[in-house]
Amino acid sequence: MILLHGHWRQAVSLLACDALEGAERDATLAHLEDCPSCQVELQESQALFRTLAADPVHAAQPDLSVEVAARRVAARATETLTGPRAQWGWRLLSLPVVAAAVVAVVLLAPPLLERFRLAQPSPAEPAVTLSAAAVGRLERTVAREQAARYLNEAQDVLVTVASTPPRCRRQTPGIDLEDESERSRSLLARRAFLVDLTQDGLAPARPVLEDVEQVLREVAALPPCARRQDLEAIHREMSRRNLLMKIDLMARELEG
Amino acid sequence: MEPSDRELMARLVRGERDALEPLMARHYRRVYRIALAYLRDTEEALDAVQEVFVKAYQNADKWNQGSEVGPWLTRIAVNHAIDRYRRSRRRAASEQPLSEEQPDHDPHLTAGTPSPERQVLGRELGEQIGAALAGLPDKQRAVFVLRHYQEQSLDEIAGILGLSLGTVKSSLHRAIQRLRGELGGLRA
Numbered sequence: 001m002i003l004l005h006g007h008w009r010q011a012v013s014l015l016a017c018d019a020l021e022g023a024e025r026d027a028t029l030a031h032l033e034d035c036p037s038c039q040v041e042l043q044e045s046q047a048l049f050r051t052l053a054a055d056p057v058h059a060a061q062p063d064l065s066v067e068v069a070a071r072r073v074a075a076r077a078t079e080t081l082t083g084p085r086a087q088w089g090w091r092l093l094s095l096p097v098v099a100a101a102v103v104a105v106v107l108l109a110p111p112l113l114e115r116f117r118l119a120q121p122s123p124a125e126p127a128v129t130l131s132a133a134a135v136g137r138l139e140r141t142v143a144r145e146q147a148a149r150y151l152n153e154a155q156d157v158l159v160t161v162a163s164t165p166p167r168c169r170r171q172t173p174g175i176d177l178e179d180e181s182e183r184s185r186s187l188l189a190r191r192a193f194l195v196d197l198t199q200d201g202l203a204p205a206r207p208v209l210e211d212v213e214q215v216l217r218e219v220a221a222l223p224p225c226a227r228r229q230d231l232e233a234i235h236r237e238m239s240r241r242n243l244l245m246k247i248d249l250m251a252r253e254l255e256g
Numbered sequence: 257m258e259p260s261d262r263e264l265m266a267r268l269v270r271g272e273r274d275a276l277e278p279l280m281a282r283h284y285r286r287v288y289r290i291a292l293a294y295l296r297d298t299e300e301a302l303d304a305v306q307e308v309f310v311k312a313y314q315n316a317d318k319w320n321q322g323s324e325v326g327p328w329l330t331r332i333a334v335n336h337a338i339d340r341y342r343r344s345r346r347r348a349a350s351e352q353p354l355s356e357e358q359p360d361h362d363p364h365l366t367a368g369t370p371s372p373e374r375q376v377l378g379r380e381l382g383e384q385i386g387a388a389l390a391g392l393p394d395k396q397r398a399v400f401v402l403r404h405y406q407e408q409s410l411d412e413i414a415g416i417l418g419l420s421l422g423t424v425k426s427s428l429h430r431a432i433q434r435l436r437g438e439l440g441g442l443r444a
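First to last, the protein sequences are chains E and P. Under this note's numbering, the letters of the first sequence match residues 1 to 256, in that order. Under this note's numbering, the letters of the second sequence match residues 257 to 444, in that order.
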């Protein structure tokens, strides 16, 4: 019965913002006739939309003419295409060429050297060593990027938690943390795939990553409608560790 | 007869830059209002709109020619506004660590008097609505902005955001409930 009424509460919200159509709208209107609590619900949501109708955003106009904006867009697009990213594009394009050259040296140098009877060490070994180093560098870069991404996502969750989300419902004491709790669980589940703490390049980030994991576990363990004192305990913990600031600094460092 | 959105996009793909202005003229205000509804800052919104069209211009060749241009631009605009908003929120949070005594709402993030440098909309009601919207999780906020400020249907919102219809409905319902809690005492 409660679940069923939850469905009608949702339908009434959607009706209030004029988002229902056809049979769903008709069924909700019919239900409203015999449901006094849904009528109150509808009136309160309609009052919200009367307030929102006065939001100045509805009538806002951009201060810049479309002609000027179009010129700026064209200039920015061209600038970006010829800027540092484009240069990186050329560098990336050149990578396969360099790699092919290294492979060619590795494969062709020994027979050529033998043919000319040169008593010099084969260049194959240094080339293989260089390639392994390049792979190592690539792995470290990817590990740092993934760790930064993980920290950024964790920070999104913790910033919302820090901003004290609204109460569950007016009649119910408690804070609505269902989304944040779910996102924390999802992040923790993905952490093992995203961040390899054994990577040397991540050693400086390890303390922050461990702090983040601990706080995320606390958020993940909260019920959907959390007690205010539990949330305040998490706030104090985050504050004591200066966690948001540390995450920001570390994410920037990892991103280079 | 004026060229269609698709014809203008096809010209952009061919590198004809003069197709940009007529395409922008059709979608400029709409994209601006999405950005403003999300970011609540006129300067930020104006900058975001230009970045949205830069992205569209640069990715014109990735546009699926069988699809409508409007929803494609809307998707870029919403994703860009979300990214931009997250960045500014992270910046704000890292500049102001949590204090020992937490008020009911962190004024820097969700409510209270906005700082002049952030240039939030001037009117008090707009500020309070902006503060209430800022308290919504990203998904709820995006769904609500598309429904209330853009009057997109639930199916269209599902398509733009890549969500199921059920998720769109529940997100919109939860957004309305939260906003009622935040703005219930206000009268326009």
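Even glycine gets a Cβ: it sits at the ideal position worked out from N, Cα and C.
Which of helix, strand or coil does DSSP assign to residue i?
{"i": "residue 198 of chain P", "result": "For residue 198 of chain P there is no data in the structure shown, the boundaries of chain P being 257 and 444."}
{"i": "residue 60 of chain E", "result": "coil"}
{"i": "residue 391 of chain P", "result": "coil"}
{"i": "residue 75 of chain E", "result": "helix"}
{"i": "residue 362 of chain P", "result": "The predicted model places residue 362 of chain P with a pLDDT of 38, which falls under 50 and marks its position as unreliable, so this point remains unresolved."}
State the CB to CB distance for the pair residue i and residue j, rounded to an integer number of angstroms; the pair is presumed to be in contact (CB under 8 angstroms).
{"i": "residue 15 of chain E", "j": "residue 42 of chain E", "result": "7 angstroms"}
{"i": "residue 180 of chain E", "j": "residue 215 of chain E", "result": "That pair is no contact at about 11 angstroms."}
{"i": "residue 340 of chain P", "j": "residue 300 of chain P", "result": "7 angstroms"}
{"i": "residue 424 of chain P", "j": "residue 399 of chain P", "result": "6 angstroms"}
{"i": "residue 155 of chain E", "j": "residue 346 of chain P", "result": "6 angstroms"}
{"i": "residue 337 of chain P", "j": "residue 291 of chain P", "result": "5 angstroms"}
{"i": "residue 226 of chain E", "j": "residue 177 of chain E", "result": "5 angstroms"}
{"i": "residue 148 of chain E", "j": "residue 254 of chain E", "result": "4 angstroms"}
{"i": "residue 403 of chain P", "j": "residue 421 of chain P", "result": "Wrong, their Cβ atoms sit about 13 angstroms apart, outside the cutoff."}
Considering just the uninterrupted stretch of the alpha helix (DSSP H) at residue i, what are its terminal residues?
{"i": "residue 285 of chain P", "result": "276 to 295"}
{"i": "residue 22 of chain E", "result": "22 to 33"}
{"i": "residue 265 of chain P", "result": "261 to 269"}
{"i": "residue 262 of chain E", "result": "One cannot answer for residue 262 of chain E here, as it falls past the ends of chain E, which runs 1 to 256."}
{"i": "residue 298 of chain P", "result": "298 to 314"}
{"i": "residue 404 of chain P", "result": "That residue, residue 404 of chain P, is in no alpha helix (DSSP H); it is neither H nor E in DSSP."}
{"i": "residue 177 of chain E", "result": "It is not in any alpha helix (DSSP H) - residue 177 of chain E carries neither H nor E in the DSSP assignment."}
{"i": "residue 249 of chain E", "result": "243 to 255"}
{"i": "residue 195 of chain E", "result": "First-last for residue 195 of chain E: undefined, no H or E at that position."}
{"i": "residue 224 of chain E", "result": "No alpha helix (DSSP H) contains residue 224 of chain E, which DSSP labels as neither H nor E."}
{"i": "residue 415 of chain P", "result": "410 to 417"}
Practice task
Please determine if the segment 414 to 421 of chain P and the segment 328 to 342 of chain P are in contact, where contact requires at least 3 C-beta pairs separated by less than 8 angstroms.
Solution key: yes
Exercise for the section: Count the CB pairs spanning the segment 232 to 250 of chain E and the segment 264 to 284 of chain P that are closer than 8 angstroms, and state whether there are at least three. Expected result: no
Exercise for the section: Would you be able to state if there are at least three C-beta pairs under 8 angstroms between the segment 199 to 213 of chain E and the segment 134 to 148 of chain E? Expected result: yes
Practice task
Evaluate the contact criterion for the segment 391 to 411 of chain P versus the segment 60 to 67 of chain E: three or more CB pairs, one atom per stretch, below 8 angstroms.
Solution key: no
Handout entry: Validate contact between the segment 426 to 443 of chain P and the segment 384 to 397 of chain P using beta carbons, cut 8 angstroms, 3 pairs
Key = yes
Problem - Cβ pair count under 8 angstroms reaching 3, the segment 211 to 230 of chain E against the segment 181 to 193 of chain E - result: yes
Practice task
Report yes or no: do the segment 258 to 269 of chain P and the segment 306 to 316 of chain P share at least 3 C-beta pairs separated by less than 8 angstroms?
Solution key: yes
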